[in-house]
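Student: Got a structure here, written out as structure tokens. Questions coming.
Residue numbers (UniProt numbering): 1 to 378.
Have a look at this one:
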């Protein structure tokens, strides 16, 4: 039994064919798809979403400094050594000491972080043994340990000096050169410029009180600690994230830069750090176990610059929708409409072998096949 091959079938070539179907239903549907897709690509992707911008996250540095108030508050309810004018404190009050910024700030010299003390456990410790002995340990001198609060820490002011840099666009600014905002508890962007404090005012450094910083994060030092409801945050300490978000994409002018502070308390976290002061010998020391407000600055944001390749990619990625629209209309024409048989036979054509006269078979809507010969002249 022999096998015969038709080389024209084996090496057949499929090509694109354009058929103009005079059907208003298909035409209006396809035109609607095209208008919607062009509007999506040009208006939404390219213009509204700024698909012509190459964006990057800036880097930067943050420097902070602390300053005590000119006049301290008194009669504080959390101070056991002060008059309270009949007010009560919901937690156990402690003795209060008035410290300046040099004492209240610890640790010092850290990048992108800031810490100020709210409570200290002070103790004098002695090691009446030789450190060659593995059991040698420091112990508190009897009666030397005491807890104190740092009075009126909320009135201290913090200066925040930050700089941002975006490598691709070459943008570099200091906070003094920009206008900025801080988010309040309602999520609104606000500026501050009163009573010696300022936030986001171009030409002025950012200065706010510790109390303002806490309030923007929804934190009070006299609310319950997140890990022990029997003591306050003033007693245990707190850790805050301060996000500095830079942007030049909030308008259609990439020369307009701004930054926004947002303060977020880290849940279920307190802060303490030990400070050791050696006295007359290494066997004698003062131990300050500090609890306080730990602020961690995180610089982020979106800096954009015009980039032709990014615009081209935005346009090309949307053009794929045009092929989808054409496919949907084609399938509607050849599978769903009453004229689907005629439309299908017009869309798909299989020629006779090149060795035979060219013919074309078309199916009518009634299902009848009509054979055309010499189709080169059709």
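Just so you know, even glycine gets a beta-carbon here, dropped at the ideal spot from N, CA and C.
In the DSSP assignment, find the beta strand (DSSP E) that holds residue 173 and state where it starts and stops.
Tutor: One-based indexing of the chain shown puts residue 173 at position 173. Segment 171 to 174, the beta strand (DSSP E) holding residue 173.
Student: On the DSSP bridge assignment, give the partners of residue 180 in chain order.
Tutor: If you number the chain shown from 1, residue 180 lands on position 180. In the DSSP output, where bridge partners are listed per residue, residue 180 has 259.
Student: Where does the unbroken beta strand (DSSP E) through residue 291 begin, and where does it stop?
Tutor: Taking the first residue of the chain shown as 1, we reach residue 291 at position 291. Here the beta strand (DSSP E) through residue 291 covers 284 to 306.
Student: What does the Cβ neighbour count give for residue 331, buried or exposed, with the cut at 16 atoms within 10 Å?
Tutor: Your numbering for residue 331 matches position 331 in the chain shown. So residue 331 ends up on the exposed side.
Student: Just how far apart, CA to CA, sit residue 36 and residue 327?
Tutor: If you number the chain shown from 1, residue 36 lands on position 36. If you number the chain shown from 1, residue 327 lands on position 327. Computed Cα separation, rounded: 16 Å.
Student: Using three-state DSSP, classify residue 254 as helix, strand or coil.
Tutor: Your numbering for residue 254 matches position 254 in the chain shown. Here residue 254 sits in coil by DSSP.
Student: Tell me the rounded alpha-carbon separation between residue 309 and residue 51.
Tutor: Residue 309 sits at position 309 when you count from the first residue of the chain shown. Residue 51 sits at position 51 when you count from the first residue of the chain shown. Approximately 10 Å, taken between the alpha carbons.
Student: Can you tell me whether residue 249 is helix, strand or coil according to DSSP?
Tutor: For this step, residue 249 is matched to residue 249 along the chain shown. DSSP places residue 249 in coil when its eight states are reduced to three.
Student: Could you tell me the alpha carbon to alpha carbon distance between residue 390 and residue 150, rounded to whole angstroms?
Tutor: The requested residue 390 does not occur in the structure, where the chain is confined to residues 1 to 378.
Student: Going by alpha carbons, who is nearest to residue 251 out of 155, 227, 302 and 234?
Tutor: Within the chain shown, the letter at position 251 stands for residue 251. The shortest Cα separation from residue 251 among 155, 227, 302 and 234 belongs to 302.
Student: Out of 25, 139 and 74, which has the shortest C-alpha to C-alpha gap to residue 129?
Tutor: Taking the first residue of the chain shown as 1, we reach residue 129 at position 129. For the residues 25, 139 and 74, the minimum Cα distance to residue 129 belongs to 139.
Student: Excluding sequence positions up to five away, which residues of its chain have a Cβ less than 7 Å from the Cβ of residue 82?
Tutor: If you number the chain shown from 1, residue 82 lands on position 82. So the list reads 74, 75, 76 and 96, once near-sequence residues are dropped.
Student: Mapping the DSSP letters down to three states, classify residue 120 as helix, strand or coil.
Tutor: Taking the chain shown and counting its residues from 1, the one referred to as residue 120 is at position 120. Here residue 120 sits in strand by DSSP.
Student: Spatial neighbours of residue 54 within its chain, please: CB distance less than 7 Å, with the 5 preceding and 5 following residues excluded, ordered by chain position.
Tutor: One-based indexing of the chain shown puts residue 54 at position 54. Only 168, 304, 305, 307 and 310 meet the Cβ criterion.
Student: Checking the sheet assignment: what are the DSSP bridge partners for residue 206?
Tutor: The residue you call residue 206 lines up with position 206 of the chain shown. According to DSSP, which records beta bridges pairwise, residue 206 is partnered with 160.
Student: So what does residue 139 bridge to, in DSSP terms?
Tutor: Against the chain shown, residue 139 aligns to sequence position 139. In DSSP, residue 139 forms a bridge with 126.
Student: According to DSSP, is residue 9 helix, strand or coil?
Tutor: Start at 1 with the first residue of the chain shown, and residue 9 comes out as number 9. In this structure, residue 9 counts as helix in the three-state DSSP scheme.
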